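What follows is one structure encoded as structure tokens, with my remarks underneath.
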Amino acid sequence: MISRTQSQIEIDWCQTSFDHFNNLIFSNIAAEAGVSQVSGYQLFNDSRPDPSYKNIVYNFRHLTKEELTIFPDHYKYGYFCTTFYVETRKYMKYLTKLLNEKQVPFIKKKIHSFEELAENYDIVVNCIGYGAKDVCHDNLIRPIRGQMIRVRAPWIKHFYYTDDNCYMIPKYDTIVLGGTRQLDDENTTVDLNDKDGIWQRCLRLCPSLAQAEILWDWAGLRPNREPIRVETETIKYGNKQILIVHNYGHGGNGISLSWGTAIDATRRFSSLLNGINNQDKQLTSKL
16 MISRTQSQIE IDWCQTSFDH FNNLIFSNIA AEAGVSQVSG YQLFNDSRPD PSYKNIVYNF
76 RHLTKEELTI FPDHYKYGYF CTTFYVETRK YMKYLTKLLN EKQVPFIKKK IHSFEELAEN
136 YDIVVNCIGY GAKDVCHDNL IRPIRGQMIR VRAPWIKHFY YTDDNCYMIP KYDTIVLGGT
196 RQLDDENTTV DLNDKDGIWQ RCLRLCPSLA QAEILWDWAG LRPNREPIRV ETETIKYGNK
256 QILIVHNYGH GGNGISLSWG TAIDATRRFS SLLNGINNQD KQLTSKL
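For what it's worth, the working numbering labels the leading residue of the sequence shown as 16, then goes sequentially.
Below you can see the structure in the form of structure tokens.
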């Protein structure tokens with residue numbers, strides 16, 4: 016689900032991604048890809064307009080007054096819906112396997128400028144995330160620090176999101192508890208104060224967590240950019256130029272938008288590639 020108001024192109028990306036993951040869920044590779052359906056609640060302290068994803072997810076509805084009494088009394092408004100979750104560790108292994116099967120080579124290398132690639136590559140698809148701040152000199156990219164706790168609580172089957180930095184997401188055999196959303200904070204170590212805040216907020220929302228087994232903590236950065244950058248750019252280095260397809264800056268909505276922006280970037284890549292091929296044909300005909 017998307018955590019903010021979306022533009023039309025972001026709604027389209029979200030729909031494309033939802034359809035992709037939904038197809039995986041109802042395929043024979045769902046377990047390998049780490050995807051599954053999940054239903055749950057989004058809770059707010061006051062009323063607000065319906066979210067832009069209401070017509071994308073399944074079973075969207077407003078919570079009744081009776082349902083709201085289940086939760087702490089400061090939540091006055093909420094939604095219920097059915098969406099998907101992705102166990103990203105499994106999903107990335109699945110995607111890597113697909114590429115390996117197609118014999119796509121992997122080169123692990125740190126770059127400081129696209130100029131390092133211009134000699135050997137005509138087109139680069141840039142999914143560099145927060146690294147775009149230095150490599151692209153993009154001042155619009157900003158880190159959002161997130162911290163979470165993984166616990167084992169198999170009796171929790173629904174997800175919960177609130178408007179006061181609290182969420183619980185059931186995965187395959189664990190629950191993700193969060194969270195934080197700290198703009199421009201680059202600290203990737205676990206903060207004990209944040210951990211305590213996450214735990215207390217989640218415990219107030221779901222007291223049965225007191226019986227959960229705490230497994231591990233994690234902190235990391237989400238590369239946030241407004242707007243998300245999915246566009247092409249031509250950069251010249253002397254007599255050499257390189258064509259870039261940018262695709263980064265998804266912030267906390269990376270999974271929800273991932274397949275949609277990937278399809279968009281692929282179309283842009285194909286257009287650039289067709290342009291190069293047409294130029295080669297023209298050069299050949301002149302020769």
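Even glycine gets a Cβ: it sits at the ideal position worked out from N, Cα and C. As the structure is a prediction and not an experimental result, all values here were calculated from the model.
DSSP, read as helix, strand or coil, puts R240 in strand.
Distance check between G161 and each of L155, I138 and L192 places L192 closest, using alpha-carbon atoms only. Going by DSSP, I171 is part of no alpha helix (DSSP H) at all; its letter is neither H nor E. Distances from the CA of V101 to each of E241, S32 and N289 were compared; the closest alpha carbon is that of S32. Of the residues I190, N202, L198 and D206, the one whose Cα lies closest to the Cα of A227 is I190.
Rounded to the nearest angstrom, the gap between the Cα atoms of V50 and I40 is 6 Å. DSSP places Y263 in the strand class (E or B) of the three-state scheme.
Annotation for I71: I26, C29, Q30 and F33 place their beta carbon closer than 8 Å to its own, counting only its chain and skipping 5 residues before and after. Beyond the five residues adjoining it in sequence on each side, R216 comes within less than 6 Å, by CB distance, of C181 in the same chain, given in chain order. In summary, V119 is exposed, with fewer than 16 beta-carbon neighbours lying within 10 Å of its beta-carbon over all protein chains present. Shortest Cα-Cα distance from F36 to any of I257, R167, T97 and S286 involves T97. Around the Cβ of P222, a 10 Å sphere holds fewer than 16 other Cβ atoms; the residue is exposed. Note: Y187 is not bridge-paired with any residue in the DSSP secondary-structure output. If the five residues before and after V245 are omitted, its C-beta is found closer than 7 Å to the C-beta atoms of H261, N262, T276, D279 and A280, all from its own chain and listed in chain order. For the set T203, G264 and S128, the Cα lying nearest the Cα of Y252 is the one of S128. Sorting D206, L230 and E201 by C-alpha distance to the C-alpha of R237 places E201 at the top.
The three-state reading of DSSP puts A227 in coil, since its state is none of H, G, I, E or B.
Taking C-alpha positions only, P66 is separated from S22 by approximately 12 Å.
CA-to-CA, the gap between L220 and A234 works out to about 22 Å. Taking all protein chains in view, the Cβ of S271 is crowded by 16 or more other Cβ atoms within 10 Å, so the residue is classified as buried. Runs of beta strand (DSSP E) with 3 or more residues, each lying fully within the segment 110-148, are found at 138-141, listed in chain order. For F41, DSSP records no beta bridge to any residue. Taking the Cβ atoms as the reference, I243 lies roughly 6 Å from H265, within the contact range of under 8 Å. Within the DSSP secondary-structure output, Q57 pairs in a beta bridge with Y94 and Y176.
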